[in-house]
Amino acid sequence: MTVDFATAADPFRRELLAHCYRMLGSLHDAEDLVQETYLRAWKAYGQFEGRSSVRTWLYRIATNVCLTALDTRSRRPLPFGLSTSSSQDDPLTQNHEIPWLEPFPTDPAAIVTERESTRLAFVAALQHLPPRQRAVLILRDVLRLSAAETADQLDMTVAAVNSALQRAHAQLKDLTEESVTEPAEAKELLDRWVKAFVAKDIPAIIGMFTEDVVWEMPPYPQWYHGPDLVAWHLVNQCPAVPHRARMLAVEANGQPAYGLYLQDGDEFRPFNLQVLEIRNDRIARVSSFFDLSLFQRFGLPSTA
């Protein structure tokens with residue numbers, strides 16, 4: 027008996043969302059493209075003959091939907107990937123012309139592959155690859171498809187797949203492969219982070235950083251490198267007032283994250299979404315996203 031489309035296809039919706047996110051670097055775009063994938067698959071399900079698994083068939087559709095979308099979209103960077111770090115002479119100015127990389131809400135129970143392959147640094151690095159190289163690398167290195175399976179997915183030859191993968195690896199060779207700490211393994215550090223940030227205790231905050239810490243804040247292209255510059259930014263540009271902030275924990279890109287709320291009268295209103303990268307029991311990067319629509323998408327309340 028033929029299985030109905032929803033029963034056959036719905037179990038793969040979450041992993042397809044992660045796949046489209048890796049390809050596009052945008053949660054908003056990924057949601058739209060998953061919808062497009064399921065619409066195309068539903069229309070074609072009557073002709074699906076089971077020559078591959080439903081999962082493989084859906085990934086083929088989704089990958090090609092993403093490649094078509096990338097024909098008209100620019101890569102999505104983070105500020106860190108744009109230029110040299112900012113100085114104390116650089117005024118903060120938002121740039122909404124740049125299509126910034128967006129964070130991705132992670133289910134704490136997500137499989138290891140999703141958590142590792144949606145790290146902000148990894149997805150940001152993917153954006154530097156041409157779309158087809160990006161697809162090859164994801165299919166081969168993340169989804170662990172064979173060269174032959176990848177070639178079939180992308181209508182390429184095996185030789186072309188192997189060549190594209192080699193070029194992708196060469197371009198990403200400088201991507202840091204250092205061990206990143208999982209949120210559950212850093213509870214003590216994260217508790218100290220929240221306490222110090224709410225108190226705006228600059229010495230305590232800086233004491234948790236690595237020497238090469240990066241602080242970035244899309245849609246602001248400015249970013250700060252090293253504890254001294256980050257401290258200057260927090261003292262001179264961050265509007266948070268001691269003990270007039272609240273932080274609600276979530277998880278983004280397999281990393282610890284917080285919805286930061288600042289007091290406004292009797293309420294605490296959304297200010298930004300902080301995503302932390304932790305290495306060797308220290309905070310190596312803080313990516314603060316000022317797109318307040320992310321609060322709803324991460325299940326965060328409108329006030330705290």
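Residue numbers (our numbering): 27 to 330. Glycine included, C-beta positions come from ideal geometry on N, C-alpha and C. Only a predicted model underlies this, so the values are computations on that prediction, with no experimental measurement involved.
Taking the CA atoms as reference points, Leu255 sits about 33 Å from Arg99. Within the DSSP bridge table, the entry for Asp290 names Glu293 as partners. Only buried fits Asp55, as 16 or more other CB atoms lie within 10 angstroms of its CB.
One thing to note: Ala147 has its Cβ no nearer than 8 Å to the Cβ of Val80. Taking 8 Å as the cut-off, the beta carbon of Gly280 is found no closer than this to the beta carbon of Glu57. By the neighbour-count definition (other C-beta atoms within 10 Å, threshold 16), Arg48 is a buried residue. DSSP places Gln248 in the uninterrupted beta strand (DSSP E) bounded by Tyr246 to His251.
In the structure shown, the three-state DSSP call for Asn262 is helix.
Counting every other CB atom within 10 Å of its CB across the protein chains shown gives Ile137 a total below 16, marking it as exposed. In the structure shown, Met243 falls within a strand segment according to DSSP collapsed to helix, strand and coil. Within the model, the alpha-carbon separation for Pro117 versus Leu288 is close to 22 Å. The beta strand (DSSP E) runs lying completely inside the region 57-144 and spanning 3 residues or more number zero. Remark: C-beta atoms of Val224 and His269 approach each other more closely than 8 Å. For a cut-off of 8 Å, the C-beta gap from Leu59 to Ala32 is around 19 Å, too long to register as a contact.
The beta carbon of Ser112 sits closer than 7 Å to the beta carbons of Gln248, Trp249 and Tyr250 from its chain, once the five residues preceding and following it are set aside; these are given in chain order. Counted as a single uninterrupted DSSP element, the alpha helix (DSSP H) harbouring Val162 occupies residues Pro157 to Leu163. Looking at Phe130, Val276, Arg272 and Arg160, the one whose alpha-carbon comes closest to that of Asp292 is Arg272.
Ranking Asp238, Ala283, Glu242 and Arg305 by CA distance to the CA of Ser313 puts Glu242 first. Shown here, Asp238 sits in a strand according to DSSP, grouped into three states. Put simply, the region 182-199 does not touch the region 212-219. Fewer than three CB pairs are less than 8 Å apart. The Cβ neighbour count for Val267, taken over all protein chains shown within 10 Å, is under 16; the residue is labelled exposed. According to the DSSP assignment, Ala278 belongs to the beta strand (DSSP E) that extends over Ala271 to Ala278. By the neighbour-count criterion, in which 16 or more other beta carbons inside 10 Å mark a residue as buried, Gly233 falls on the exposed side. A residue is called buried once 16 or more other Cβ atoms fall within 10 Å of its Cβ, and Asn298 is buried on that count.
Restricting attention to Asp290, Ala283, Ile228 and Thr236, the CA atom closest to the CA of Val261 is found in Ile228.
Cβ atoms of Leu127 and Pro103 come within 8 Å of each other, at about 6 Å. For Ala310, the secondary structure class from DSSP, reduced to helix, strand or coil, is strand.
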